[in-house]
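J.:
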Amino acid sequence: MINKRIILISMGILAAAILVIVLIFSTEPTAQSEGATKESAMLVSTVPAKKGNFTPNIVATGTVRPLNDVILSPLVNGQITRRSEKFVPGGFVKKGEVLLQIDPTDYQNNLELRKSELLQAQTDLEMEMGRQKIARQELQLIGGDTLSEEQKDLVLRQPQLNAIKARIQSAQAAVNQARTNLGRSTITAPFDAHIVNQNATVGSQVSPGDNLGRLTGTDFYWVNITVPVNKLRWLDFKQDSNGIGSMVKIMNETAWGEDAFREGFLDQQIGALDDQTRLARLLVKVPDPLATEKDSTDKPKMIIGSFVEANIQAKEIEDVVRLNRDFIRSNNTVWVMKDGKLEIREVKILLNDAQYAYITEGVNNGEEVVTSNISTVTEGAALRKENDSTATSNSEE
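864 is the number of the first residue of the sequence shown in this note's numbering; add one for each residue after it.
1) Can you grab the Cα-Cα spacing for the pair Arg1185 / Thr909, in whole Å?
2) Would you kindly report the start and end of the unbroken beta strand (DSSP E) that includes Gln1132?
3) Take Val1092 and list the residues in its own chain whose beta-carbon comes closer than 6 Å to its own, dropping the five residues that flank it on each side.
4) At the level of alpha carbons, what is the spacing between Glu948 and Val956?
5) With distance defined between alpha-carbon atoms, name the residue in Met992, Gln1061, Leu1045 nearest to Ala1026.
6) Between which two residues does the beta strand (DSSP E) harbouring Lys1209 extend?
7) Any idea if Val1065 is buried or exposed, counting beta-carbon neighbours within 10 angstroms, 16 or more meaning buried?
8) Cα separation between Asp1082 and Ser1048?
9) By the three-class DSSP mapping on this structure, what secondary structure does Gly1046 have?
10) Taking the continuous alpha helix (DSSP H) assigned at Trp1119, which residues delimit it?
11) With a CB to CB cut of under 8 Å and the five nearest residues on each side skipped, what residues in its chain are close to Phe950?
12) Does Arg1141 come out as helix, strand or coil in the three-state DSSP assignment?
13) Between the segment 1144-1156 and the segment 1184-1200, do at least 3 Cβ pairs fall closer than 8 Å?
14) So, are the CB atoms of Asn916 and Glu1224 less than 7 Å apart?
15) Since Ala912 sits in a beta bridge, which residues does DSSP pair it with?
16) Quick one: Cα of Pro1022 to Cα of Leu988, how far?
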């Protein structure tokens, strides 16, 4: 009896719960659309496209190296008896200045000996010429018509004359060599030079091939740079000994600061690509790299081996639109605002330099190029500029 009562009470509670749930869902309010939804065009910034003639600036990096660089070596042996005060690391010397003097005593004595040998050979020649005269007189007296040419040469002492002439030539060559060796005992600067290092001083015993020091020329340095192959056609190189190539501004912000620079010009293109980067290798020639001239004293000095930036002035490009590279979107497209709408234009880029893209097709002069990043990039999306109050539209759902 008790179990039946519990079952009835449970069924009554369940039925009441179902009734309450049905009542709640049947009386829930329904959201209704009313009024209007206001849609605003995207706010953007634009710049007008400018068409004209422009000179690109191609940026590359490279390493400073000397144009003239030699290891000074003696051509004769001996002891150093004198060293120039300028022949020290960091010193500057002019072409022809004496740097080191090797003891010349042996070479002076050898020169005098060779001169005496030459004088003796010349004296022998004079004596032989007297014998030649006597031999011709004797040949006339005995009559030489029956003698062969070889016999006549023997009678006239032609072999003896040839031998003496040979001795004179040999003696003259020996004098020339002795004079050359004496000159080589004085070691001079082969060009206007900066002394990088010095390995010999007074008292040093030197032999041919010894490293006496390193000299680099002060007239010019090279900067060895690399650029992409597709940019070569926009560069000018030196055409002859009197010409110069494209102007180049050399910068080293770390060492010189932001505003300091040196100027050079494109000199040569090396006829082989860089093995690792596959870029073209170029040589930039920089005059007076150590700022030794009077008009260069306020310019920074270049250091061999330093890493620098080169800004190359390329050939002028005519009738193109120049845009900042930041405004070129993916797949070489540009966003253009026309009649308050977004147009996605595919453009043809002739050249990219460090800052700009030079466009031949896709954007016209004066068109508004969108510079802002927008969230919805859709062809025909509504756009407005800050001073444009007409680009807002309302629509009813």
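We put the CB at the ideal spot given by N, CA and C, even for glycine. Quantities reported herein were computed from a predicted structural model and do not represent experimental measurements.
T.: On the basis of the data shown:
1) 14 Å
2) 1125-1133
3) Ala1143
4) 10 Å
5) Met992
6) Rather than Lys, the amino acid found at residue 1209 in this sequence is Glu. Looking at the DSSP string, the run of the beta strand (DSSP E) that includes Glu1209 is 1204-1209.
7) exposed
8) 27 Å
9) helix
10) 1116-1119
11) Val956, Leu962, Leu963, Ile1058, Gln1061, Gly1076
12) coil
13) no
14) no
15) Note: Ala912 sits in no beta bridge, so no partner.
16) 12 Å
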